[in-house]
Structures are given as structure tokens and as C-alpha cells.
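Enquirer: Position one of the sequence shown corresponds to residue 3 (the numbering used here), numbered consecutively onward.
In this text, a Cβ means the ideal position worked out from N, Cα and C, and glycines have one as well.
No experiment lies behind these values; they were computed from the predicted model shown.
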Amino acid sequence: MSTHEIITNPKKDRRILSNIPDPQKIRKNIDRRGIHETLEEAADPNKVYKARLEGQRYIASFPVSLRMPSIKKQTGSCIDISNTGILIQLSSESIKFEPNQIVKLSFSIPEGAMPEGFESKVTMRSKVVRQFTEIFEEEEQYLCALQFEQSIESYLKRRHWGLSIFASSLFLLFITLLVLLMRAESIIYFKFNKFLYFYSLLAAAFLLSRYVFGLLYRNTPVNLNYQPGVSIIIPVFNEEEWIQRTILSCIDQTYPVDKLEVIVVDDCSTDHTASKVREIIEKINSEGERFMTKERISFHILPQNAGKREALVVGVNKAKHDLVVFVDSDSFLEPNAILNIVQPFQDPKMGGVAGRTEVENKFTNMITKLQTVRYYIAFRIMKAAESTFDCVTCLSGPLSCYRKSLVLENADAWLKQRFLGHPATFGDDRSMTNYILKTHRTGYQDQAVCSTIVPSDFNVFLKQQMRWKRSWLRESLRALTFIFKKEPFMMVFFLIGLVVPIAAPIVVIYNLLYVPLVHGIFPTTFIVGLLLMAFMMSFAHLLFRKSKLWFFGVIFVLFYEFILLWQMPVAWFTFWKSTWGTRETPQDVLEKEKKQNRVLKKKGKLKEGG
């Protein structure tokens, strides 16, 4: 039985293509709910997009209490909520309000009702905008629309977020000083155990430098005079649940209609993916005639299941523009993602750029909450730090952009890639990044945002992590052949980042088992260092996201240290495995058949023996 994913539910616009710039200027993209932009702000698409989010309503259901002078407390239920107002279903028709009447509201926004950071208790004054009735499923509903005295964002910033920013900044500084102090101790005791203390110094230098460079990172600003042609490639295999939303998010971009196309390539799905793709394309075309969607969306099915790389290369060969964007079939682009991700290509030596990937189903369960913090730090801190040196080592699959010429130049080697005689069937993003990085720069664009569905099942999550570790090991060894040609600090950065994870299992065994059992010493320093690393991740997430999920950073580090870390030695000796473990690729099907044959042979032998 599949897990029910908890996903924020924005109220849909009447138009499914509400973000595409209108070539005929029949309508504007400024939010319809009364948000006004100055001409200067309206010229910045990122500010316009942020302004539109101010009025975005989210369908939700939670209790709301209403208090008014001389009237006893009333209760209602939220129908939808935005940053600036709320629609409430009243419990009785006897509750009457006057227009502009002030009402004090109290409610708790549950997880997943609004974007991350809004899950909190709210008590503030609101003004009645209108009261009306509606017939829903043959029942009369008594509704009241109210406008908040201040936005929820302003309220939380004053009540909670301001303190969060101050506290997280203070703790990050304190932890940094404490780590430096502990590393000074490592230098003092270096002669007693050179390996252990050298590793300790390396790990601390690696961690602190990444946070420093990550915090110094700045997004490449949008230049409206630079909007090159872009072809979005979506490879899909058995993704009937999410593919329609993915396609819609890719075509509904704040990007010139004559410079953007979407190419969907189906790798012989065995479910209803193909019919779902045709259905959404037909729906888009019914509304998008003046946006030329019929000429800008195409759908192709491979003659046989050949794998994700083959699907991507087929898409690139069909692309008519010079930049190609790879988007996973369960990832959803923000409307300004393409406009932002192309900006670093103003540098002719830039070969590929990664966008920021966030977790869409973040509130589903503990597994997705752990990944939410991990994803954010991996992109906003780790990739941002690498981008400082134009050397991002993995342009992630959910959203990445390349020069088409470079992909085609390396397509044959990519498709036929083998490692120590074994075919490389996963780690497509990291592999292509290596081909690009060998001759060009790679970057990261933080405001090019997409969200993706992450595993909510523990076993599927573990299989995904094992696959990633195998591809990381393989591609890191490949990168060693050219990384020395890059910026010297980045080369050192990369080498330390390779040594630290590989040596980590040995260090953990030494500290948590050997030292206590042989020397009878409790590993206080090691445990304190581990907790400091965990809190550094958590406080960085709190600083940027102002979210109650921050503590899951601590849990993730401990989870990694005691569970995920031990996948690393397994990855060393099973790097040749080509199965994904999370979907029915040809390799997975072949492996399943082999297992079934082995089971049948065993049963046959048992029968013969009996």
C-alpha cells in the first residue's frame, strides 16, 4: 500500500497557463488580488513572481475561532488561506457580520497547508470583506472572507522569525568558534594519533569552508536582454501520477513563447503514462492557441525500453534551441525557473547550470522531513559553495541546463559509458556533469527553483541512497583525472570531499568501538564534534527557511552516521551493480528474472532430493 503524500494544495487559477507572457497583451501577469507593483519592481520578474505569491490561496481545512466585542466566541472552518486573507465556513447562518467589521481570529496552520515556514499558531485582527452563501453538494454553506490586518509573513517575522534569525546566526557563530577550538586541540594532540587528528582537521576544514563559501554565494541577477532559446527535455517512465503536473509547470513559464519548447520522451512506460501525457497536451493546446503551444510541445515514445540516457539524447537531438534543460518526470518548476537558470550562460565558458531542488512532499512523514533539510543544505550551501569556483560537481537531474552542443559532443560516450568493464546505467546527472566539467565551467542558480517527490518509503529511500553512493564513487574517481586543471582551492576542496566520506566508516569504528573497548575512554570529543556538525546543518536551515523542520537536520546527521554511512563500504564492493532498485528499468527486470530463476532451480532441486 503506497503512502499518502502530504502536498500543499494551491487553489488553481481559472487559466492553466497563467504565467506565460501574453504576446498579444490581452492580459497582464500582475496578481489579480490587489497587489500593485511599481514600474521598477515590475521590471524584475523575480519580484513580480514574489508579489503574485503574496495572493496565492491554498485549499486547506482546519478550525478557526472568531472573537468580536459583545459576542461570544464563534467557530468556523478554513476553506482556503493566503498570506493576506482567509475564507471561512461558518458553523451557523445566525452568525452575521457587517462589512469592514474587525474580528479577532485564532488558528493553527497545520503542516502542508501552506509553504514551509508558515506552520504555526496565529492570532490577529482581521477585517470582514464579505459574507455570502454557496451551494456545495446540495448543501448551503455560510462563508465569510476576511482580510488580515497584516500579512501572516509579517506577523511571523515579528513574533517568531526575527528571533529565529537572531538565534540561528548566534548559534552558527558559536558552533564555528567551538569547532575551531576543538581543532586547535587536534593540533596539540596530533603526535599521539596522526591519522585520527589529521582526519579531524580535514573534516573540520572541509565543513567550515563549505558553509563560509555557501553563505557568501550570490545568485546571478536576471538580465532581461538575455533570454536565449531553451528546449526542456522530460524523460519519463511509468510516472502516470505526476507527469501532467510536470509538463504543465514546464510550459507555463515566464519566458518568451518563441524561445521555449517542451519535449516529452516516453521510455516505453507500461502504465497509463502515455495517455496522461496526451491528455494534458490536449488540454494545454485547447487554451494555448495564442501561446503557440501546438508548435512548442511534442511527445515521442521510444520503440523499446532503452533507459533514461537514451531518452534524454533522443530529446536533445529533436531540440531546436541551443540550451537544453533536463527535468525529471516527478519534478515541478517554479514559473520563473527557466528565466533564472539561463542567466549564468552569459559567460561563454559556462557549460552547465543546476537549479535548486526542494522537496515537494516534505510533510508526509519523518523520512521526507529528513530529506527536506538535507536537500536544502545540499543545494543552498554545498552546491552554492562549489559555484563560487564555477565547479559544481553534480548538475542534479530534477533541474539542470546545458549547452546542447556539449551534450551532443559527449552523447555517444555517455550512452556507452562503462566503469571497470561494467555498464553505467544510473548517475546520469553526475556522469554528464563530468563530461561538461572536463572542458567547461559549471554553476548553480539558487533562484531557479523546482520541487520534486522524494521517497517516503524507508526501503525505497535506502535503495536510492545506495544507488547515489555507487554513482558518487564512480564519478568521483573519474573526476580525479581532470580536477587538477581547475582552480587550485577547488581541487583541494574536491580531494578532501572525496577522502572524508570514504574514510568516515573507519573513523567511526575507531572512535565508537576501538577507543572505548581497548582504552576504556568514552569518545566525548567525537560525539560532541558530531553534534556540532548536526546543529550547524540545522541552524543553517533555520536561518534561511525559518521552519520548524530545522531540528530534522540533527536527526539526519545521526541517521546518516549510524545507518547511511555503512552503505559506503557496500558501495565500494558493489559499484558494478546496474539496478536502480526504485523502478522497473531493464536492468531491474533482468535482475528480477535471475532471482526468479534461482528460486525455481532451488525448488526443482528440493523436489528431486525429496
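Runs of 4 residues minimum, wholly inside the stretch 224-282: which ones carry the alpha helix (DSSP H) assignment?
Expert: Within the stretch 224-282, the complete alpha helix (DSSP H) runs of at least 4 residues are 245-253.
Enquirer: So, residue 535 versus residue 19, is the Cβ gap smaller than 9 angstroms?
Expert: Here the question's residue 535 lines up with position 533 in the sequence shown. Here the question's residue 19 lines up with position 17 in the sequence shown. No, the pair does not count as a contact, with Cβ atoms beyond the cut-off.
Enquirer: Rounded to whole angstroms, how far is the Cβ of residue 93 from the Cβ of residue 77, which I believe are closer than 8 angstroms?
Expert: In the sequence shown, counting from the first residue as 1, residue 93 sits at position 91. In the sequence shown, counting from the first residue as 1, residue 77 sits at position 75. That belief holds up - the Cβ atoms of residue 93 and residue 77 are roughly 5 angstroms apart, short of 8 angstroms.
Enquirer: So, do the stretch 556-566 and the stretch 396-413 have three or more beta carbon pairs nearer to each other than 8 angstroms?
Expert: No, the stretch 556-566 does not touch the stretch 396-413.
Enquirer: With DSSP as the reference, identify every bridge partner of residue 424, one or two as the case may be.
Expert: The residue labelled residue 424 in the question sits at position 422 within the sequence shown. 421.
Enquirer: Measuring only the C-alpha atoms, how far is residue 549 from residue 121?
Expert: The count along the sequence shown starts at 1 and reaches residue 549 at position 547. The count along the sequence shown starts at 1 and reaches residue 121 at position 119. One C-alpha to the other measures close to 8 angstroms.
Enquirer: Please report the straight-line C-alpha distance between residue 6 and residue 486, rounded to a whole angstrom.
Expert: Translated into the one-based positions of the sequence shown, residue 6 becomes position 4. Translated into the one-based positions of the sequence shown, residue 486 becomes position 484. C-alpha separation (whole angstroms): 47 angstroms.
Enquirer: With distances taken Cα to Cα, identify the nearest neighbour of residue 1 among 137, 157, 130, 155.
Expert: A question about residue 1 goes unanswered here, because the residues of the chain that appear run from 3 up to 612.
Enquirer: Buried or exposed, going by whether 16 or more other CB atoms sit within 10 Å of the CB of residue 59?
Expert: For this step, residue 59 is matched to residue 57 along the sequence shown. Residue 59 comes out buried.
Enquirer: In angstroms, rounded to a whole number, what distance separates the CA positions of residue 28 and residue 57?
Expert: Within the sequence shown, the letter at position 26 stands for residue 28. Within the sequence shown, the letter at position 55 stands for residue 57. So the alpha carbons of these two residues sit roughly 21 angstroms apart.
Enquirer: Given that a residue counts as buried once 16 or more other Cβ atoms are within 10 Å of its Cβ, and exposed if not, what is residue 38?
Expert: What you label residue 38 is simply residue 36 of the sequence shown in a count that begins at 1. Note that residue 38 scores a pLDDT of 49, beneath 50, so its modelled location is shaky and nothing firm can be said.
Enquirer: Does residue 136 pass the burial test, meaning 16 or more other C-beta atoms within 10 Å, or should it be called exposed?
Expert: Along the sequence shown, one-based indexing puts residue 136 at 134. Flag for residue 136 reads exposed.
Enquirer: Would you list the residues sitting across from residue 316 in a DSSP beta bridge?
Expert: Mapped onto the sequence shown, residue 316 falls at position 314. Answer is none; residue 316 lacks a bridge partner.
Enquirer: Could you pull out every unbroken beta strand (DSSP E) segment of at least 3 residues lying fully inside the stretch 64-94, listed in chain order?
Expert: As far as the stretch 64-94 is concerned, its whole beta strand (DSSP E) runs of at least 3 residues are 65-70, 73-83, 87-92.
Enquirer: Please identify the residue among 375, 149, 284 whose C-alpha is closest to the C-alpha of residue 82.
Expert: On the sequence shown, position 80 is the one that residue 82 refers to. Looking at the Cα atoms, 149 is the closest of the given residues.
Enquirer: Rounding to the nearest angstrom, what Cα-Cα distance links residue 237 and residue 67 in this structure?
Expert: As a first step, residue 237 must be located in the sequence shown, where it is residue number 235. As a first step, residue 67 must be located in the sequence shown, where it is residue number 65. Those two C-alpha atoms are separated by around 48 angstroms.
Enquirer: Name the one or two DSSP bridge partners that residue 444 has.
Expert: Numbered from 1 along the sequence shown, position 442 holds the residue referred to as residue 444. DSSP output for residue 444 lists 354, 393 as bridge partner(s).
Enquirer: Let's test the definition: count the other Cβ atoms within 10 Å of the Cβ of residue 306 and tell me whether it reaches 16, buried, or not, exposed.
Expert: Reading the sequence shown from its first residue, position 304 is the one you call residue 306. Residue 306 should be labelled exposed.
Enquirer: For residue 454, which residues from the same chain have a beta carbon less than 8 angstroms from its beta carbon, with the 5 sequence-adjacent residues on both sides left out?
Expert: Position 452 of the sequence shown, counted from the start, is the residue given in the question as residue 454. The answer, listed in chain order, is 330, 332, 333, 334, 359, 360, 361, 362, 400.
Enquirer: Out of 445, 373, 386, which has the shortest C-alpha to C-alpha gap to residue 463?
Expert: As a position in the sequence shown, residue 463 is number 461, starting the count at 1. Of 445, 373, 386, the residue nearest in Cα terms is 373.
Enquirer: Around the Cβ of residue 22, are there at least 16 other Cβ atoms within 10 angstroms (buried) or fewer (exposed)?
Expert: For the purposes of this step, residue 22 is taken as residue 20 along the sequence shown, with counting starting at 1. Buried is the call here.
Enquirer: Quick one: is the Cβ of residue 492 within less than 8 angstroms of any heavy atom of the ligand SAH?
Expert: Ligands in the displayed structure: none, and consequently the ligand SAH is not present.
Enquirer: Taking one C-beta from the stretch 408-424 and one from the stretch 310-326 each time, how about it: are there three or more such pairs within less than 8 angstroms?
Expert: They touch, by the three-pair rule.
Enquirer: Specify the secondary structure class of residue 477 as computed by DSSP and reduced to three states.
Expert: Working through the sequence shown from its first residue, we reach residue 477 at position 475. Helix, per DSSP.
Enquirer: Compare the C-alpha of residue 355 against each of 342, 367, 366, 364 and name the closest.
Expert: Along the sequence shown, read from residue 1 onward, the residue named residue 355 stands at position 353. The option with the nearest alpha carbon to residue 355 is 342.
Enquirer: Would you kindly work out how many angstroms separate the C-alpha atoms of residue 215 and residue 516, rounded to a whole number?
Expert: As a first step, residue 215 is located in the sequence shown; it is residue number 213 there, counting from the start. As a first step, residue 516 is located in the sequence shown; it is residue number 514 there, counting from the start. When rounded, the distance between both Cα atoms is 35 angstroms.
Enquirer: Three-state secondary structure (DSSP) at residue 524?
Expert: Stepping through the sequence shown from its first residue, residue 524 is reached at position 522. Residue 524: coil per DSSP, three-state reduction.
Enquirer: For residue 471, collect the residues of the same chain with a Cβ closer than 7 angstroms to its Cβ; drop the 5 residues on either side in sequence, then sort them by chain order.
Expert: Residue numbering aside, residue 471 sits at position 469 when the sequence shown is read from its first letter. So the list reads 569, 570, 573, once near-sequence residues are dropped.
Enquirer: Would you say the stretch 440-457 touches the stretch 336-351, given that touching needs at least three Cβ pairs under 8 angstroms?
Expert: Yes: at least three Cβ pairs fall under 8 angstroms.
Enquirer: At what residues does the beta strand (DSSP E) containing residue 492 begin and finish?
Expert: Numbered from 1 along the sequence shown, position 490 holds the residue referred to as residue 492. Where residue 492 is concerned, there is no enclosing beta strand (DSSP E), although the alpha helix (DSSP H) it sits in stretches over 490-511.
Enquirer: For residue 169, which residues in the same chain have their Cβ closer than 6 angstroms to its Cβ, ignoring the five residues on either side in sequence?
Expert: Working through the sequence shown from its first residue, we reach residue 169 at position 167. Once the five neighbours on either side are set aside, residue 169 has no close Cβ partner at all.
Enquirer: Are residue 264 and residue 288 closer than 9 angstroms when you measure CB to CB?
Expert: Locating residue 264 in the sequence shown gives position 262, counting from the first residue. Locating residue 288 in the sequence shown gives position 286, counting from the first residue. Not in contact: residue 264 and residue 288 (Cβ atoms no closer than 9 angstroms).
Enquirer: For residue 212, tell me which candidate among 388, 546, 504 has the shortest Cα-Cα distance.
Expert: To locate residue 212, count along the sequence shown from 1; it is residue 210. Comparing Cα positions, the closest option is 388.
Enquirer: Using the beta-carbon count (16 or more within 10 Å), is residue 164 buried or exposed?
Expert: Here residue 164 refers to the residue found at position 162 of the sequence shown. The residue in question, residue 164, is exposed, as its Cβ has fewer than 16 Cβ neighbours within 10 Å.
Enquirer: Beta-carbon within less than 6 angstroms of residue 405's beta-carbon, same chain only, minus the 5 sequence neighbours each way: which residues are those?
Expert: One-based indexing of the sequence shown puts residue 405 at position 403. 353, listed in sequence order.
Enquirer: Secondary structure at residue 5, three-state DSSP: helix, strand or coil?
Expert: Here the question's residue 5 lines up with position 3 in the sequence shown. Three-state DSSP puts residue 5 in coil, outside helix and strand.
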